[in-house]
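Chains as they are written, first to last, in my numbering: chain R, 1 to 113; chain C, 1 to 112.
1) Identify each residue in the stretch 97-112 of chain R for which the Cβ-Cβ distance to at least one residue of chain C is less than 7 Å, and report them in chain order.
2) Report yes or no: is there a C-beta of chain R within less than 7 Å of the C-beta of residue 58 of chain C?
3) So is residue 75 of chain R in contact with chain D if we call contact Cβ pairs under 7 Å?
4) For a contact meaning CB atoms closer than 7 Å, what does residue 7 of chain C contact in chain R?
5) Does the count of Cβ pairs from the stretch 34-52 of chain R and the stretch 85-96 of chain R closer than 8 Å reach three?
6) Can you give me the C-alpha to C-alpha distance between residue 86 of chain C and residue 38 of chain C, rounded to a whole angstrom?
7) Taking C-alpha atoms, which residue in R/19, R/27, R/98 lies nearest to residue 34 of chain C?
8) Quick check on the burial criterion: 16 or more other C-beta atoms within 10 angstroms. Buried or exposed for residue 55 of chain C?
9) Residue 138 of chain R bridges to which residues according to DSSP?
10) Listed from N- to C-terminal order along the chain, which residues in the stretch 32-58 of chain R have their beta-carbon within a distance smaller than 7 Å of any beta-carbon of chain C?
11) Quick check: is the beta carbon of residue 42 of chain C nearer than 7 Å to any beta carbon in chain R?
12) Please report the Cβ distance between residue 9 of chain R and residue 112 of chain R, rounded to the nearest whole angstrom; I am assuming they are in contact, meaning their Cβ atoms lie under 8 Å.
13) Taking the alpha-carbon of residue 83 of chain C as reference, which of C/53, C/23, C/107 has the nearest alpha-carbon?
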């Protein structure tokens, strides 16, 4: 069974640009969550999707948005990039909307110059 | 407000001995707790979880203990192996959601 895949793995952007990151969950999983990891703030929750609906959102500005498609694949978008958005963005996949197991992808390393 | 705390930034253990990683939480609404192992620039690897209705869960060399009255959980690794060297995160969730609140992590170094 294939794991969680995230594309691209690495990305370099400049301030003011926008970026779209993609996540494909484990086959059969319907819930996708996104996290941001930075050295200063650790792992922080961005949003959670289940069956194409956003169920929960973390404390991030409106520049951060996401969506989930009918095949459970998810994308997150960051507009008007700032230097502080440089981070490892992680996607987690789980079976349902309340799962005791959540599996992470390898992450997308975003660098904003 | 740090709802999940790992007070030991690092831990060093000899190969073959027990590693005990600790985690404290403040929110009594948390009902699931998970442990992850992480290498730099990679995604966390799920290790083991425990529901708040249990006080112990075991999977191979990994055992998680939950003390609800103390709002404390611990991960025991026995025997420790050099390949266990990594950062370990505990995480908690509560309610009808998969949202995880993570601790700050503990760097485990297992010396050969």
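Glycine included, C-beta positions come from ideal geometry on N, C-alpha and C.
Here's the rundown:
1) 97, 98, 99, 100, 101, 102, 103, 104, 105, 106, 107, 109
2) no
3) The displayed structure is made up of protein chains R and C, and chain D is not among them.
4) Ordered by position in chain R, no residue passes the 7 Å Cβ test against residue 7 of chain C, which lies about 14 Å from the chain.
5) yes
6) 6 Å
7) R/98
8) exposed
9) Residue 138 of chain R is absent from the structure shown; chain R starts at 1 and stops at 113.
10) 33, 42, 43, 45, 48, 55, 56
11) yes
12) Wrong, their Cβ atoms sit about 16 Å apart, outside the cutoff.
13) C/107
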